[in-house]
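Numbering (the working numbering), first residue to last: 5 to 241. Positions of the beta carbon are idealized from the N, C-alpha and C atoms, including for glycine. Reading through the structure tokens given below for one structure.
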């Protein structure tokens, strides 16, 4: 299966427009969104933009109902009450109500979670390390992959709001043993990169985040990943 990966949004509604173009051209069968829908530099007062961005995400979820969604740290920071860079107290109620609306728009609530899997590819905002799995329970190191993902999705806030969790891991900068990298490819966002690239079984895709002056950090591209082989192609947007 060809899976389009929609990287970190951060109030950029046009990313969903480009994703829709790619699907309509037949270049992907379905999509996975790595979220971080709210927050961006100096946008705390732009409550209407928060609303518009979530409404665009919700519209996309209805138009493409088999899309999977992976919570980002900026998404959960609102319902969890964990202040994050760019957190907007003015948009707080909007974010929480729109997250609930997004979940209600899905065919199955499991489509919105910390981690998702399609065949041999794992999707999460930051990535899954062996260390984090061991922290959840040593018995999970040899468990079925779906049991591991379920444990990550059901983990407490205290486990997930840490540097090594699938919400926060930055394998681009810190050396961590990637969980079952010889068996599964992982696709992540979260950490801005200039180019989409693969290293140690992790494909990094956050190329639409910006510097504080609004300049885009990375190349203008998304990926379509083969869910069986883990191979991917870049699609210019």
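message: How far does the beta strand (DSSP E) with residue 228 in it extend, from its first residue to its last?
response: 225-230
query: From residue 127 to residue 59, what distance separates their C-alpha atoms?
result: 23 Å
task: For the alpha helix (DSSP H) containing residue 139, list its first residue and its last residue.
output: 134-140
- prompt: For the alpha helix (DSSP H) that contains residue 54, what are its first and last residues?
  reply: 51-67
field: the stretch 149-169 contacting the stretch 205-217, beta-carbon criterion three pairs below 8 Å
entry: No, because fewer than three Cβ pairs between the stretch 149-169 and the stretch 205-217 fall closer than 8 Å, the two stretches do not touch.
DSSP three-state assignment for residue 149, whether helix, strand or coil: helix
message: Among 32, 16, 8, 180, whose alpha-carbon lies nearest the alpha-carbon of residue 218?
response: 16
- request: Ignore the nearest five residues each way along the sequence and tell me which others in residue 152's own chain have a CB closer than 7 Å to its CB.
  value: Counting only Cβ-Cβ distances below 7 Å, and skipping sequence neighbours, we find 137, 144.
task: Evaluate the contact criterion for the stretch 186-198 versus the stretch 27-41: three or more CB pairs, one atom per stretch, below 8 Å.
output: yes
query: Given 8 Å as the limit, is there contact between the stretch 174-181 and the stretch 20-35, that is, 3 or more CB pairs closer than that?
result: Result no; under three Cβ-Cβ pairs closer than 8 Å.
field: Boundaries (first-last residue) of the alpha helix (DSSP H) holding residue 101
entry: Its alpha helix (DSSP H) spans residues 96-109.
query: Do the CB positions of residue 205 and residue 227 come within less than 8 Å of each other?
result: no
task: Report the partner residues of residue 117 according to the DSSP bridge assignment.
output: 74
- request: Return the residue from the list 30, 220, 232 that minimises the CA-CA distance to residue 12.
  value: Of the candidates 30, 220, 232, the one whose C-alpha sits nearest the C-alpha of residue 12 is 220.
field: Boundaries of the alpha helix (DSSP H) in which residue 212 is found, first to last residue
entry: In the DSSP annotation of this structure, residue 212 is not part of any alpha helix (DSSP H), being labelled neither H nor E.
Cβ shell of residue 88 (< 8 Å), same chain only, five flanking positions each side left out: 43, 77, 78, 81
- request: Could you have a look at residue 161 and say whether DSSP puts it in helix, strand or coil?
  value: helix
- prompt: To the nearest angstrom, how far is it from the Cα of residue 29 to the Cα of residue 66?
  reply: 18 Å
field: Proximity to residue 5 [Cα-Cα], best of 240, 125, 108, 52
entry: The shortest Cα separation from residue 5 among 240, 125, 108, 52 belongs to 125.
- prompt: Between residue 140 and residue 154, is the Cβ-Cβ spacing less than 8 Å?
  reply: no
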